[in-house]
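Trainee: Chains as they are written, first to last, in our numbering: chain A, 129 to 332; chain B, 129 to 332. In this text, a Cβ means the ideal position worked out from N, Cα and C, and glycines have one as well.
2 protein chains.
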Amino acid sequence: MKIGLYFITSSEFSRTHEELAEAVLRVGVRFIQFREKNMSARQMFSVAKNLRKLTWEYSATLIVNDRVDLALAVEADGVHLGQDDLPFEVVKDIFDGIVGVSTHSVDEAKKAERYIDYISAGPVFRTTTKKNAKEPIGLEGLRRIVSSVKKPVVAIGGINKFNIEDVLKTGVKGVAVISAIANSQNPEKSAKELLEIVKRYLDD
Amino acid sequence: MKIGLYFITSSEFSRTHEELAEAVLRVGVRFIQFREKNMSARQMFSVAKNLRKLTWEYSATLIVNDRVDLALAVEADGVHLGQDDLPFEVVKDIFDGIVGVSTHSVDEAKKAERYIDYISAGPVFRTTTKKNAKEPIGLEGLRRIVSSVKKPVVAIGGINKFNIEDVLKTGVKGVAVISAIANSQNPEKSAKELLEIVKRYLDD
Ligand code: NI
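(1) For isoleucine 107 of chain B, which residues in chain A fall below 9 Å Cβ to Cβ?
(2) Check whether the Cβ atoms of glycine 302 of chain B and tyrosine 134 of chain B sit closer than 7 Å, and answer yes or no.
(3) Within 7 Å (strictly less), CB to CB, does phenylalanine 216 of chain B reach chain A?
(4) Can you pull the chain E neighbours of serine 168 of chain B, defined as C-beta to C-beta under 8 Å?
(5) Among the residues of its own chain, which have a CB less than 7 Å from the CB of arginine 154 of chain B, if the five just before and after it don't count?
(6) Take arginine 242 of chain A as the anchor and find which of A/Leu267, A/Phe216, A/Asp212 has the nearest alpha-carbon.
(7) Buried or exposed: glutamate 363 of chain B, going by 16 or more other Cβ atoms within 10 Å of its Cβ?
(8) Check the Cβ-Cβ distances between serine 173 of chain B and every residue of chain A, and say whether any is below 7 Å.
(9) Report the option in A/Arg271, A/Phe253, A/Leu270, A/Arg272 whose CA atom is closest to the CA atom of proline 264 of chain A.
(10) Which of the three DSSP states is assigned to alanine 265 of chain A in this structure?
(11) What three-state label does DSSP hand isoleucine 353 of chain A in the structure shown?
(12) Got a sec? Which residues, its chain only, sit under 6 Å from alanine 199 of chain B by beta carbon, not counting five neighbours each side?
(13) With DSSP as the reference, identify every bridge partner of glutamine 161 of chain A, one or two as the case may be.
(14) What would DSSP say about isoleucine 226 of chain B, mapped onto helix, strand or coil?
(15) Grab me the residues of isoleucine 284 of chain B's own chain with a C-beta within less than 6 Å of its C-beta, minus the 5 sequence neighbours each way, in chain order.
(16) Would alanine 261 of chain A pass as an interface residue toward chain B - the criterion being a Cβ-Cβ separation below 7 Å?
(17) Mind checking whether tyrosine 246 of chain B and lysine 289 of chain B have CB atoms under 7 Å apart?
(18) So, helix, strand or coil for serine 248 of chain A, using DSSP?
(19) Just to make sure I have the definition right: I need the residues of chain B whose C-beta is within less than 7 Å of the C-beta of arginine 195 of chain A. Which are they?
(20) Along the beta strand (DSSP E) that carries histidine 208 of chain B, what are the first and last residues, could you check?
(21) Measure the alpha-carbon distance for serine 230 of chain B versus glycine 210 of chain B and round it to whole angstroms.
(22) Provide the residue span of the beta strand (DSSP E) that contains valine 155 of chain A, from first to last.
(23) Taking DSSP as the reference, what is the three-state secondary structure of valine 89 of chain B?
(24) Which chain A residues are close to leucine 200 of chain B, counting only those with a beta carbon under 7 Å from its beta carbon?
(25) How far does the alpha helix (DSSP H) with valine 281 of chain A in it extend, from its first residue to its last?
(26) Just verifying my parser: in three-state terms, what is the DSSP assignment at threonine 183 of chain B?
(27) Using beta-carbon positions only, say whether aspartate 205 of chain B and isoleucine 226 of chain B come within less than 7 Å of one another.
(28) Short of 8 Å in beta carbon distance, which residues of its chain neighbour serine 168 of chain B, apart from the five on each side in sequence? Order them along the chain.
(29) Please state the DSSP three-state secondary structure of valine 305 of chain A.
(30) Measure the beta-carbon distance from phenylalanine 162 of chain B to threonine 137 of chain B and round it to whole angstroms, keeping in mind my assumption that it falls under 8 Å.
(31) Could you check the C-alpha separation between valine 152 of chain A and leucine 330 of chain B for me, to the nearest Å?
(32) For serine 142 of chain B, does the count of other Cβ atoms within 10 angstroms reach 16, so buried, or fall short, so exposed?
(33) Using CA coordinates, which residue listed in B/Ala310, B/Val218, B/Ser276, B/Val274 is at the minimum distance from isoleucine 287 of chain B?
(34) Do threonine 298 of chain A and leucine 270 of chain A have their C-beta atoms within less than 7 Å of each other?
(35) Strictly by DSSP, which residues pair up with threonine 144 of chain B?
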């Protein structure tokens, strides 16, 4: 599983999930998460179906946040779980695909490791995207998680074109961004810039 | 599938889901829905697991509201979907069990009928349990739905021991209650009273 630049869609800025996904797919992003906290399941289904169509067109991986049933319904490649979602050890029994989980410490990462396919670790830096975000773990905290697990680690939280190289140097296999792209004046250009840096560290 | 008295658990009153479920199971209710709008998925999983254990003990049917993934995770017998949840035609593909759907009109009931196993119709009367509840359909509206579909109809909304006979006379196969039991001083006694009336109309 290759992750690289991992774009998480958001409807909290001025564009739709579909517009953002299409912009990043066009410039080469191949790992996308659908994350939405305000729509009804019926609405989410409709958006996720569109994202599935787009990601298939570009042979990209589609991950659905939280809702395993939605992931099953649209045949997503994976689900991403938070610590408050369905337990990952249970999800592995009902979902036959990629399972990722958010972690904030070495302890959480180690607990999740044997059940899941990738670990997201963060927030690395302070971020405004997530309300009630936890204290940043910093590059040091990220490095500790990377060195204590064997599964691929994805860094998340406050990552942008100015700090992404520092993040990549910790040994992560993926870098997740939301606002650096979704809140950019030109999402396509921002994705392209970030992708160029990521590819210098994580090329196949 | 026998429905009869269909109890929907609620944590909005002074008892837990588990306490309520155990009370109604003890007196003979055999169709229970877990409905919860405020807990995290992780918390819901923990409660639903307890309800699954209880309902298995009593050979009762367990239905999970909204979340098909939660139903899969705890091996519930069925899911209940609202008009804003995942589309029932899709759910039938990912969930191999009972699928019920909330309807408010003959039109909604007929659209759902061929995909699902039972139709809930309501609110029959005015109710305080559900915020933003729709206009009541009344006994007349209920009768119209019952006579226009072949699948079993479950009446819901404001049903109590004083009006339940009128509801049963419309030809429904089930009667769903929340507050008539959950908000009772003695849930067990209230469930028993309702069950006795239901059994006069819907005995096997
Ligand atoms: Ni409804």
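Mentor: The structure says:
(1) Since the first residue shown for chain B is 129 and the last is 332, residue 107 of chain B is missing from the structure and cannot be characterised.
(2) Working through the second sequence from its first residue, we reach residue 302 of chain B at position 174. Working through the second sequence from its first residue, we reach residue 134 of chain B at position 6. Yes, the pair counts as a contact, with Cβ atoms nearer than the cut-off.
(3) Position 88 of the second sequence, counted from the first residue, corresponds to residue 216 of chain B. For phenylalanine 216 of chain B, the answer is no, since every Cβ of chain A falls outside 7 Å of its Cβ.
(4) In summary, chain E is missing from the structure at hand, where the protein chains are A and B.
(5) Residue numbering aside, residue 154 of chain B sits at position 26 when the second sequence is read from its first letter. Closer than 7 Å at Cβ, skipping near neighbours: Glu316.
(6) For the purposes of this step, residue 242 of chain A is taken as residue 114 along the first sequence, with counting starting at 1. That would be A/Phe216, whose Cα lies nearest to the Cα of arginine 242 of chain A.
(7) No answer is possible for residue 363 of chain B: it lies beyond the span of chain B, which begins at 129 and ends at 332.
(8) Here residue 173 of chain B is taken as the residue at index 45 of the second sequence, counted from 1. One point to set straight first is that residue 173 of chain B is phenylalanine, not serine, in the sequence displayed. It does; some Cβ of chain A falls within 7 Å.
(9) Indexing the first sequence from 1 puts residue 264 of chain A at position 136. It is A/Phe253 whose Cα lies nearest to the Cα of proline 264 of chain A.
(10) Residue numbering aside, residue 265 of chain A sits at position 137 when the first sequence is read from its first letter. Here residue 265 of chain A is isoleucine; the residue named in the question, alanine, does not match the sequence. Isoleucine 265 of chain A falls in the coil class under three-state DSSP.
(11) Residue 353 of chain A lies beyond the residue range present for chain A, which begins at 129 and ends at 332; the question has no answer from this structure.
(12) Mapped onto the second sequence, residue 199 of chain B falls at position 71. Once the five neighbours on either side are set aside, the close Cβ partners of alanine 199 of chain B are Val192, Val207.
(13) Sequence index remark: in the first sequence, residue 161 of chain A carries index 33 (1-based). Answer by DSSP bridge pairing, in chain order: A/Ile136, A/Ile191.
(14) Reading the second sequence from its first residue, position 98 is the one you call residue 226 of chain B. It is a strand residue.
(15) Position 156 of the second sequence holds residue 284 of chain B. The residues are Ser248, Gly250, Ala304.
(16) Sequence index remark: in the first sequence, residue 261 of chain A carries index 133 (1-based). False, the Cβ-Cβ gap to chain B never drops below 7 Å.
(17) Sequence index remark: in the second sequence, residue 246 of chain B carries index 118 (1-based). Sequence index remark: in the second sequence, residue 289 of chain B carries index 161 (1-based). Contact flag unset, no.
(18) The residue you call residue 248 of chain A lines up with position 120 of the first sequence. Serine 248 of chain A falls in the strand class under three-state DSSP.
(19) Reading the first sequence from its first residue, position 67 is the one you call residue 195 of chain A. Neighbours of arginine 195 of chain A on chain B, chain order: Asp197.
(20) For the purposes of this step, residue 208 of chain B is taken as residue 80 along the second sequence, with counting starting at 1. Counting along the chain, the beta strand (DSSP E) containing histidine 208 of chain B begins and ends at 206-209.
(21) Taking the first residue of the second sequence as position 1, residue 230 of chain B is located at position 102. Taking the first residue of the second sequence as position 1, residue 210 of chain B is located at position 82. So the two alpha carbons sit approximately 5 Å from each other.
(22) Taking the first sequence and counting its residues from 1, the one referred to as residue 155 of chain A is at position 27. Neither: valine 155 of chain A is in no beta strand (DSSP E) and is coded neither H nor E.
(23) Residue 89 of chain B is absent from the structure shown; chain B starts at 129 and stops at 332.
(24) For the purposes of this step, residue 200 of chain B is taken as residue 72 along the second sequence, with counting starting at 1. Result: Ile222.
(25) Counting from one through the first sequence, the residue named residue 281 of chain A turns up at place 153. Note, valine 281 of chain A: premise wrong, no alpha helix (DSSP H); beta strand (DSSP E) at 281-284.
(26) The sequence position of residue 183 of chain B within the second sequence is 55, counting from 1. DSSP, read as helix, strand or coil, puts threonine 183 of chain B in helix.
(27) Sequence index remark: in the second sequence, residue 205 of chain B carries index 77 (1-based). Sequence index remark: in the second sequence, residue 226 of chain B carries index 98 (1-based). Closer than 7 Å, so yes.
(28) On the second sequence, residue 168 of chain B is found 40 positions in, with the first residue counted as 1. Once the five neighbours on either side are set aside, serine 168 of chain B has no close Cβ partner at all.
(29) For this step, residue 305 of chain A is matched to residue 177 along the first sequence. In the three-state DSSP reduction, valine 305 of chain A falls in the strand class (E or B).
(30) In the second sequence, counting from the first residue as 1, residue 162 of chain B sits at position 34. In the second sequence, counting from the first residue as 1, residue 137 of chain B sits at position 9. About 6 Å; that satisfies the 8 Å criterion.
(31) Walking along the first sequence from the start, residue 152 of chain A turns up at place 24. Walking along the second sequence from the start, residue 330 of chain B turns up at place 202. Using only the alpha carbons, I get a separation of about 58 Å.
(32) The residue given as residue 142 of chain B occupies position 14 in the second sequence. Its Cβ having fewer than 16 others within 10 Å, serine 142 of chain B is exposed.
(33) For this step, residue 287 of chain B is matched to residue 159 along the second sequence. Measuring from the Cα of isoleucine 287 of chain B, the nearest candidate turns out to be B/Ala310.
(34) The sequence position of residue 298 of chain A within the first sequence is 170, counting from 1. The sequence position of residue 270 of chain A within the first sequence is 142, counting from 1. Between threonine 298 of chain A and leucine 270 of chain A, the CB-CB gap stays under 7 Å.
(35) Reading the second sequence from its first residue, position 16 is the one you call residue 144 of chain B. Threonine 144 of chain B is not bridged to any residue.
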